[in-house]
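Chemist: Start counting the sequence shown at 1; every next residue gets the next number (UniProt numbering). I'd like to ask some things about the structure below.
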Amino acid sequence: MNIQDNSRYHEVHARSLADPEAFWADAAREIDWIEPAKKIFDPSMGAYGRWFAGAVVNTCYNALDRHVAGGRADQVALIHDSPLTNTISKFTYAEMLKEVQTLAAVMADFGVAKGDCVILYMPLVPEAVFAMLACARIGAVHSVVFGGFAAKELATRIEDAKPKLIFSASCGIEPGRIVQYKPLLDEAINLSSVKPQACVILQRPQHLCELTAGRDHDWAALRRAALDAGKAAPCTPVLATDPLYILYTSGTTGIPKGVVRDNGGHLVALKWSMFNLYGVKPGEVWWCGSDIGWVVGHSYIVYGPLIHGATSIMYEGKPIGTPDAGAFWRVISEHKAVALFTAPTAFRAIRKEDPDGAFIRKYDLSKFRTLFLAGERADPPTVEWAVAQLKVPVIDHWWQTETGWCIAGNPVGLGMLPVKHGSPTVPMPGYQVDVVDEASKQVAPGTMGSIVIKLPMPPGCLPTLWQQDQRFREAYLTEFPGYYKTSDAGYKDEDGYVWVMGRTDDIINVAGHRLSTGGMEEILASHADVAECAVLGIKDAIKGEVPCGFLVLKAGVTRAPAEIEKEIVALVREKLGPVAAFKLAITVGRLPKTRSGKILRGTIKKIADGESWTMPATIEDPKVLDEIGDALKGRL
């Protein structure tokens, strides 16, 4: 494939690596600084250097105040669309600013100041966005914990972050059920040795909770009192290198890893990405179908679109069942969204329920230009289905909680490169992505290895872990000197396209052959009756590991599962050969997933191997693991 086309990508990426300071200094002109950087990059700071050293800025000012002052006061900033409560609410930039100024003043009344930590344990409601921005406004460091997270997991985060204040709500809403947050919050605070000074509770009409006297305060009452008193907090200047937020990822030691995001680099990277990567202009409607509990929600429900001056959709619903498999198309059509960013699993769910795309043709999608997928590998059959049905580019892109924005993607704003299904395309500016062997030596194109990023990483990426600098170095910087370890495995092809085939622990060793479970999943997903699948290596006394495939069939398939399983085994043998030793395919009703849609492959593997396992804190429905256990009985 000749990728030397009309895209500006090659020139832009080369410039970002040849002179990164000039490149990011240029990008930083899009941000309103209180004081400019003394050094664009200071290699002497932190583990690998820091961006915009000495600069002073405020993230909330860049997301709200400057747009109100610059002519966007009456433009809608946030659309909250909730089929779960049957409500739609809209907030202009001016209305958002008023809410955030007021809430920031409430926080200041509780003694929250620059550098203090605040935890948000919230559902997907506008108030959660107001709280994030209010923290940014006064220089407090927010840490969003996914609403409904288990009390024990919330407690570990309270213990680590030591919040002065916690924002929460009476409940979250899932299809067909109410999730009470207050009992979980109370238990978490009881379990933690660290106690917040106060909790501010949003009472949702679907379920009211009792407030704990002396500690808990009613959100609406505090808001009303502050408005009546005319309270409005100004923006607090912070250093570009000061933390904006902490976002926890599960740690292998049981102690969560608090990924730190700084103010300056985050502002510059997200602002750059909104047009150059996503092709969205200020004033356009953008939809990121994620949750604020995940990094995707932080970057592209809240900060990215607002810094850019776009309109952001916040959706409290599901891709199917709220009310049907046309839910996404209704939102795009009704709000005239130009782009959607969601997880591949959402499209697998839609494809399973509506394989012929009948719902798509019920809605006017004339404004819709691009679909972006991330969060896990976008398998080619799902991408091909989406392209055929939507008739718009479907862009897979790859990034991590740690990076905060895209590592490899297809830059729509710079001019799209040819799509290769199964690849997230090419490294974004600032990222030198290499594939190396165990000795940190680069491998030849097409050769599997560990995917790493040459230091320093670009603005927006984590500078460290919260109060765990040494752990940061050990976890990310030690194994491959001079590189950041992504823990992903894959290869680069002759055109420089990146192929992420799975986590490094998803590469299985079958009798000495290193095989990618991602490659096998592609083959399984290509079968006409398969809606989604997972392949993992299970213990084998002879070969060390052998692959096992789990299949979820499309809605309406009436053939015997055993017949389909036999065809799948033959298909893998045909495409990969006997070396794969693929002999076992098991049909299940559904796969266990996190709330962000990632398949819990590690837990399935432990069940299959007969090892002890614990219930993952992020699991969407614990009952699925029992179903997996039942499906495995008599098959291994």
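The C-beta atom is built at its ideal place from N, Cα and C for all residues, glycine as well.
Given a cut-off of 8 Å on the beta-carbon distance, is the pair proline 123 and histidine 80 in contact?
Modeler: Numbered from 1 along the sequence shown, position 123 holds the residue referred to as residue 123. Numbered from 1 along the sequence shown, position 80 holds the residue referred to as residue 80. No, the Cβ-Cβ distance between proline 123 and histidine 80 is not below 8 Å.
Chemist: So, is proline 163 buried or exposed, given that buried needs 16 or more other C-beta atoms within 10 angstroms?
Modeler: Against the sequence shown, residue 163 aligns to sequence position 163. Looking at its Cβ environment, which holds 16 or more other Cβ atoms inside 10 Å, proline 163 is buried.
Chemist: Just how far apart, CA to CA, sit glutamate 35 and glutamine 468?
Modeler: By 1-based counting over the sequence shown, the position of residue 35 is 35. By 1-based counting over the sequence shown, the position of residue 468 is 468. Each residue's Cα considered, the two are about 29 Å apart.
Chemist: When the Cα atoms are used, what is the spatial distance from serine 168 to tyrosine 121?
Modeler: Position 168 of the sequence shown holds residue 168. Position 121 of the sequence shown holds residue 121. Approximately 5 Å between the Cα atoms of the pair.
Chemist: Between isoleucine 246 and alanine 151, which are expected to be in contact by the criterion C-beta below 8 Å, what is the C-beta distance as a whole number of angstroms?
Modeler: Along the sequence shown, one-based indexing puts residue 246 at 246. Along the sequence shown, one-based indexing puts residue 151 at 151. Contact doesn't hold; Cβ gap of about 19 Å is too wide.
Chemist: To which residues of the same chain is arginine 177 closer than 8 Å at the C-beta, ignoring the five residues directly before and after it?
Modeler: One-based indexing of the sequence shown puts residue 177 at position 177. Counting only Cβ-Cβ distances below 8 Å, and skipping sequence neighbours, we find nothing.
Chemist: From the DSSP output, in three-state form, read off glutamine 101 for me.
Modeler: Locating residue 101 in the sequence shown gives position 101, counting from the first residue. Glutamine 101 falls in the helix class under three-state DSSP.
Chemist: Methionine 132 lies in the alpha helix (DSSP H); which residues open and close that run?
Modeler: The residue labelled residue 132 in the question sits at position 132 within the sequence shown. That run of the alpha helix (DSSP H) goes 126 to 138.
Chemist: Out of Thr241, Leu414, Arg351, Lys492, point me to the one whose CA is closest to leucine 442's CA.
Modeler: Position 442 of the sequence shown holds residue 442. The sequence as given places glutamine at residue 442; leucine does not occur at that position. Of the listed residues, the one whose Cα sits closest to glutamine 442 is Lys492.
Chemist: Mind pulling the beta strand (DSSP E) runs of 3 or more residues that sit fully within the region 206 to 234?
Modeler: Here the runs fully enclosed are 216 to 218.
Chemist: Nearest by alpha-carbon distance to glycine 589: which of Thr311, Cys533, Thr236, Phe472 is it?
Modeler: For the purposes of this step, residue 589 is identified with residue 589 of the sequence shown, where counting begins at 1. Among Thr311, Cys533, Thr236, Phe472, the Cα nearest to that of glycine 589 belongs to Cys533.
Chemist: Measuring CA to CA, which of Ala53, Gly49, Trp33 is closest to lysine 39?
Modeler: Numbered from its first residue, the sequence shown carries residue 39 at position 39. Here the closest residue by C-alpha is Ala53.
Chemist: Helix or strand or just coil, what does DSSP make of threonine 252?
Modeler: The sequence position of residue 252 within the sequence shown is 252, counting from 1. Because threonine 252 sits at a pLDDT of 47, beneath the cut-off of 50, its placement in the model cannot be relied upon, and the point is left open.
Chemist: Starting from glutamate 602, trace the alpha helix (DSSP H) both ways and give me its first and last residue.
Modeler: Residue 602 sits at position 602 when you count from the first residue of the sequence shown. Note that residue 602 is glycine in the sequence shown, not glutamate. Note, glycine 602: alpha helix (DSSP H), 601 to 609.
Chemist: Going by C-alpha to C-alpha distance, which of Ala136, Glu284, Ile173, Lys352 sits closest to proline 243?
Modeler: In the sequence shown, the residue the question calls residue 243 occupies position 243. Among Ala136, Glu284, Ile173, Lys352, the Cα nearest to that of proline 243 belongs to Ala136.
Chemist: Okay, do the region 448 to 461 and the region 346 to 363 touch, 3+ Cβ pairs below 8 Å being the bar?
Modeler: Touching, no.
Chemist: Considering only the beta carbon of each residue, do threonine 403 and glycine 597 sit closer than 8 Å?
Modeler: The residue labelled residue 403 in the question sits at position 403 within the sequence shown. The residue labelled residue 597 in the question sits at position 597 within the sequence shown. Taking 8 Å as the Cβ cut-off, threonine 403 and glycine 597 do not qualify as a contacting pair.
Chemist: Please confirm if the region 65 to 80 is in contact with the region 308 to 325, defined as three or more CB-CB distances below 8 Å between the two stretches.
Modeler: Enough Cβ pairs lie closer than 8 Å, so yes.
Chemist: By Cβ distance, which residues of its chain are closer than 8 Å to histidine 13, with the 5 residues on each side in sequence left out?
Modeler: Translated into positions along the sequence shown, residue 13 becomes position 13. Excluding residues within five positions, the ones whose Cβ falls inside 8 Å are Val426, Pro427, Met428, Pro429.
Chemist: Excluding sequence positions up to five away, which residues of its chain have a Cβ less than 8 Å from the Cβ of proline 520?
Modeler: Your numbering for residue 520 matches position 520 in the sequence shown. A small fix is needed here, since residue 520 is methionine in this sequence, not proline. Same-chain partners within the cutoff: Val535, Pro547, Gly549, Val572, Leu576, Ala580, Phe582.
Chemist: Measure the C-alpha to C-alpha separation of tryptophan 613 and threonine 558 and round it to an integer number of angstroms.
Modeler: What you label residue 613 is simply residue 613 of the sequence shown in a count that begins at 1. What you label residue 558 is simply residue 558 of the sequence shown in a count that begins at 1. Rounded to the nearest angstrom, the two C-alpha atoms are 34 Å apart.
Chemist: Going by Cα to Cα distance, which pick from Pro622, Phe130, Pro463 is closest to arginine 261?
Modeler: Here residue 261 is taken as the residue at index 261 of the sequence shown, counted from 1. The shortest C-alpha separation from arginine 261 is found at Pro463.
Chemist: Are tryptophan 272 and alanine 27 closer than 8 Å when you measure CB to CB?
Modeler: What you label residue 272 is simply residue 272 of the sequence shown in a count that begins at 1. What you label residue 27 is simply residue 27 of the sequence shown in a count that begins at 1. Result yes, Cβ atoms of tryptophan 272 and alanine 27 sit closer than 8 Å.
Chemist: By Cβ distance, which residues of its chain are closer than 8 Å to glutamine 432, with the 5 residues on each side in sequence left out?
Modeler: In the sequence shown, the residue the question calls residue 432 occupies position 432. Cβ within range, chain order: Leu17, Ile453, Lys454.
Chemist: So within the region 379 to 448, which uninterrupted alpha helix (DSSP H) runs reach at least 4 residues, ignoring any that extend past its ends?
Modeler: The region 379 to 448 contains these whole alpha helix (DSSP H) runs: 380 to 390.
Chemist: Just grab the DSSP bridge partners of glycine 293 for me.
Modeler: As a working mapping, residue 293 is identified with position 293 in the sequence shown. None; glycine 293 has no bridge partner.
Chemist: Could you check if asparagine 190 is buried or exposed, using at least 16 other CB atoms within 10 Å of its CB as the buried criterion?
Modeler: Numbered from its first residue, the sequence shown carries residue 190 at position 190. Exposed.
Chemist: Can you tell which of Phe130, Gly172, Arg50, Thr85 has the C-alpha that lies nearest to the C-alpha of threonine 92?
Modeler: For the purposes of this step, residue 92 is identified with residue 92 of the sequence shown, where counting begins at 1. The residue with the shortest Cα to Cα distance from threonine 92 is Phe130.
Chemist: Terminal residues of the continuous alpha helix (DSSP H) containing aspartate 262?
Modeler: Translated into the one-based positions of the sequence shown, residue 262 becomes position 262. Here aspartate 262 belongs to no alpha helix (DSSP H); instead the beta strand (DSSP E) covers 257 to 262.
Chemist: Report the rounded CA-to-CA distance for cysteine 461 versus alanine 113, giving the unit in angstroms.
Modeler: Mapped onto the sequence shown, residue 461 falls at position 461. Mapped onto the sequence shown, residue 113 falls at position 113. Near 25 Å, if we compare the C-alpha coordinates of alanine 113 and cysteine 461.
Chemist: DSSP state of phenylalanine 582, grouped into three classes?
Modeler: Along the sequence shown, one-based indexing puts residue 582 at 582. Phenylalanine 582 falls in the coil class under three-state DSSP.
Chemist: Between the C-alpha atoms of leucine 184 and threonine 594, what's the straight-line distance to the nearest angstrom?
Modeler: Position 184 of the sequence shown, counting from 1, holds the residue named residue 184. Position 594 of the sequence shown, counting from 1, holds the residue named residue 594. Rounded to whole angstroms, leucine 184 to threonine 594 spans 19 Å at the Cα level.
Chemist: Could you say which of Val498, Val57, Leu515 lies nearest to residue 664 if we only look at CA atoms?
Modeler: In the structure displayed, the chain extends from 1 to 636; residue 664 sits before or after that span and is not available.
Chemist: Is the distance from the Cβ of residue 642 to the Cβ of glycine 258 below 8 Å?
Modeler: This structure leaves residue 642 out entirely; the chain is present only between 1 and 636.
Chemist: Can you determine whether any heavy atom of the ligand COA sits closer than 7 Å to the C-beta of threonine 618, and answer yes or no?
Modeler: This structure lacks the ligand COA; in fact it carries no ligand of any kind.
Chemist: For tyrosine 303, which residues of its own chain have a beta-carbon under 6 Å away from its beta-carbon, when the five flanking residues on both sides are left out?
Modeler: Start at 1 with the first residue of the sequence shown, and residue 303 comes out as number 303. Cβ within range, chain order: Leu270.
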